[in-house]
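Scroll down for the structure; my scribbles are underneath it.
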Amino acid sequence: MATSSVVCASVLSFLFHFLLVPVFSHDVNVLQKCGFKAIYQLGDSIADTGNLIRENPLSPYASFPYGLKLSKPTGRCSNGLLMIDYIAHSAKLPYLDAYLNLVRNSFRGRGGVNFAVAGSTALPEEVLSSKNIMNLVTNESLSTELEWMSTYFNTCSKDCAKEIKSSLFMVGEIGGNDYNYAFLFQKTTEEIKALVPEVVKAIKHAVVKVIGHGARRVVVPGNFPIGCFPVYLSQFQPNDTAAYDEFKCIRGLNSFSRYHNELLKQTVEGLKKQYPEVIIVYGDYYKAFMSIYQNAHSLGFDTKSIQKACCGTGAGHNFSLGKMCGAPGVPVCPNPDQYISWDGIHLTQKAYQHMAEWLINDIFPKLQCKEDQLLQNIETMEVKSCDSSINLASSALSYRNLTALHVWDCKAFQCLVASSTSQVLR
Numbered sequence: 001m002a003t004s005s006v007v008c009a010s011v012l013s014f015l016f017h018f019l020l021v022p023v024f025s026h027d028v029n030v031l032q033k034c035g036f037k038a039i040y041q042l043g044d045s046i047a048d049t050g051n052l053i054r055e056n057p058l059s060p061y062a063s064f065p066y067g068l069k070l071s072k073p074t075g076r077c078s079n080g081l082l083m084i085d086y087i088a089h090s091a092k093l094p095y096l097d098a099y100l101n102l103v104r105n106s107f108r109g110r111g112g113v114n115f116a117v118a119g120s121t122a123l124p125e126e127v128l129s130s131k132n133i134m135n136l137v138t139n140e141s142l143s144t145e146l147e148w149m150s151t152y153f154n155t156c157s158k159d160c161a162k163e164i165k166s167s168l169f170m171v172g173e174i175g176g177n178d179y180n181y182a183f184l185f186q187k188t189t190e191e192i193k194a195l196v197p198e199v200v201k202a203i204k205h206a207v208v209k210v211i212g213h214g215a216r217r218v219v220v221p222g223n224f225p226i227g228c229f230p231v232y233l234s235q236f237q238p239n240d241t242a243a244y245d246e247f248k249c250i251r252g253l254n255s256f257s258r259y260h261n262e263l264l265k266q267t268v269e270g271l272k273k274q275y276p277e278v279i280i281v282y283g284d285y286y287k288a289f290m291s292i293y294q295n296a297h298s299l300g301f302d303t304k305s306i307q308k309a310c311c312g313t314g315a316g317h318n319f320s321l322g323k324m325c326g327a328p329g330v331p332v333c334p335n336p337d338q339y340i341s342w343d344g345i346h347l348t349q350k351a352y353q354h355m356a357e358w359l360i361n362d363i364f365p366k367l368q369c370k371e372d373q374l375l376q377n378i379e380t381m382e383v384k385s386c387d388s389s390i391n392l393a394s395s396a397l398s399y400r401n402l403t404a405l406h407v408w409d410c411k412a413f414q415c416l417v418a419s420s421t422s423q424v425l426r
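Going by full-length UniProt numbering, the residue at position 126 of the sequence shown is 126; the numbering climbs one at a time, nothing skipped.
This is the structure:
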């Protein structure tokens, strides 16, 4: 009997890899139903997980209090996790590593790559400088990130290339800094509005590029309601109460954000017609953010502090361009989870979490993930009994990428062979 077991184990060991598949929670991790192999992110500080601090180790994002809820500062422009982290978690993928971290580790990315750079713009530096708009944070732009992506896909293994069609591409949010710097350099509203078609054109070019790499599911996020952010509320202080909406956000600035978003949505619709084989989804960051404002109390935020920075100093909105979060002597609020704004420009982990939950629920049905898509992308599975062997054999066509099984005993193996043979004979 013992000899039989040893022989059986040897046969199974020869035929299959011993790798277990984790049990998925469909209620919490809805994006896992899409079976994404990886996520590739382009963007700015809303998504950067470490590229800027590789480029500039003296950046304030490389030091506490940034990353306060994490074991160390990681380059994330928040006290903790970002939306992309929650999106990756929902898809049952690891948190994305920054591209410049991977360069130091021979491109050994796992579950995707983050090309986003805090401070980056949609338009190249030379285009902005020709308009007397300067990027004071980084020289990188969307074109740089696209170059990095091309380099990565040309350098990574064949397995990486195979994964592209089963991956999610996040093209943005990007373009917000083009406008931020323009406002900072005191451009008129008309001048800044004239930037929008150029910014959207750059985003469109990026979508076309990722489709050229083989992308089949692309999310293109829009801009935030910037009139609700402490950085803008502290700089623009209209005396007319009619200039503010019911949430005390500046109407004109939010109208500008909606103008950008509407043009971007029109562009996305055009791309859908141009590439009918690709699922392209608009990511509504504006509505996701406003959903927090509308439900601030029930979500646990301090309604008296929703327009104040947790980390900062200054009258009114706790923000000052001259003494920002990370500078010596700048305090941090005792309970960041009660604040929406982390540093006046970026959000807290809790705010990003709620935005991500809203966004995931909004984009999931639009991504048109088939029910059997998860099964198609599973490469390993464990088989414990005859029942599971029969179930596996009966749905064999759904497991198109299955290459490794962990079969617990000879009886289960015999059932699997018998069931599979029966399916073939049909």
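C-beta atoms are modelled at their ideal positions from N, C-alpha and C, and glycine is treated no differently.
C-alpha gap between residue i and residue j, whole angstroms
i: threonine 313; j: valine 219; result: 36 Å
i: alanine 38; j: glycine 112; result: 4 Å
i: asparagine 79; j: asparagine 239; result: 33 Å
i: serine 13; j: alanine 116; result: Confidence at serine 13 is low in this model, with a pLDDT of 35, below 50, so its placement is unreliable and the value that follows should be read with caution. Taking the straight line from one Cα to the other gives about 43 Å.
i: alanine 122; j: asparagine 223; result: 12 Å
i: proline 57; j: leucine 81; result: 20 Å
i: methionine 118; j: asparagine 51; result: Looking at the sequence shown, residue 118 is not methionine but alanine. Taking the straight line from one Cα to the other gives about 8 Å.
i: lysine 162; j: alanine 288; result: 33 Å
i: arginine 258; j: alanine 194; result: 14 Å
i: asparagine 29; j: leucine 93; result: 10 Å
i: serine 59; j: valine 103; result: 20 Å
i: glycine 300; j: phenylalanine 64; result: 25 Å
i: threonine 155; j: alanine 98; result: 16 Å
Same chain, Cβ closer than 6 Å to residue i, five either side skipped, listed in chain order
i: proline 124; result: Ser141, Ser143
i: phenylalanine 169; result: Tyr40, Val210, Ala215, Val218
i: tyrosine 95; result: Asp85, Ala88
i: alanine 309; result: Pro230, Asn318, Phe319, Ser341, Asp343, Gly344
i: methionine 149; result: Phe115
i: lysine 350; result: Asp337
Same chain, Cβ closer than 8 Å to residue i, five either side skipped, listed in chain order
i: isoleucine 192; result: Tyr179, Ala182, Phe183, Phe256
i: glutamate 147; result: none
i: leucine 357; result: The sequence shown places glutamate at residue 357, rather than the leucine named in the question. Cβ neighbours of glutamate 357 beyond the five flanking positions: Tyr86.
Cβ separation of residue i and residue j, assumed to be a contact under 8 Å, to the nearest whole Å
i: methionine 83; j: isoleucine 46; result: 7 Å
i: isoleucine 203; j: leucine 264; result: 7 Å
i: cysteine 34; j: leucine 367; result: 6 Å
i: phenylalanine 36; j: serine 120; result: Rounded, the Cβ-Cβ distance is 24 Å, inconsistent with contact.
i: tyrosine 285; j: glutamate 173; result: 6 Å
i: leucine 42; j: valine 171; result: 5 Å
i: cysteine 311; j: valine 330; result: 7 Å
i: alanine 315; j: isoleucine 306; result: Between isoleucine 306 and alanine 315 the Cβ distance is about 17 Å, and since that is not below 8 Å, they are no contact.
i: isoleucine 292; j: leucine 31; result: Actually they do not touch by this definition, with Cβ atoms about 20 Å apart.
i: glycine 75; j: alanine 62; result: 6 Å
7 Å Cβ shell around residue i - same chain, five flanking residues per side excluded
i: leucine 251; result: Looking at the sequence provided, one finds arginine at residue 251 rather than leucine. Cβ within range, chain order: Gly227, Ala243, Tyr244, Asp245.
Limits of the unbroken beta strand (DSSP E) element including residue i
i: tyrosine 95; result: Neither: tyrosine 95 is in no beta strand (DSSP E) and is coded neither H nor E.
i: tyrosine 40; result: 38 to 42
i: methionine 170; result: 167 to 171
i: tyrosine 282; result: 279 to 283
Segment limits, alpha helix (DSSP H) that includes residue i
i: serine 150; result: 142 to 155
i: proline 230; result: 230 to 235
i: valine 127; result: 125 to 129
i: isoleucine 254; result: In the sequence under discussion, the amino acid at residue 254 is asparagine, which differs from the isoleucine named in the question. It spans 251 to 274 - the alpha helix (DSSP H) in which asparagine 254 sits, taken as one unbroken run.
i: proline 221; result: Unbroken run through proline 221 is the beta strand (DSSP E), 217 to 221; no alpha helix (DSSP H).
i: asparagine 132; result: Segment: none, asparagine 132 is in no alpha helix (DSSP H) and carries neither H nor E.
i: valine 113; result: Unbroken run through valine 113 is the beta strand (DSSP E), 112 to 114; no alpha helix (DSSP H).
i: valine 30; result: Premise fails: valine 30 is in no alpha helix (DSSP H) and is neither H nor E.
i: tyrosine 339; result: Note, tyrosine 339: premise wrong, no alpha helix (DSSP H); not H, not E.
i: cysteine 310; result: Careful: cysteine 310 lies outside any alpha helix (DSSP H) and carries neither H nor E.
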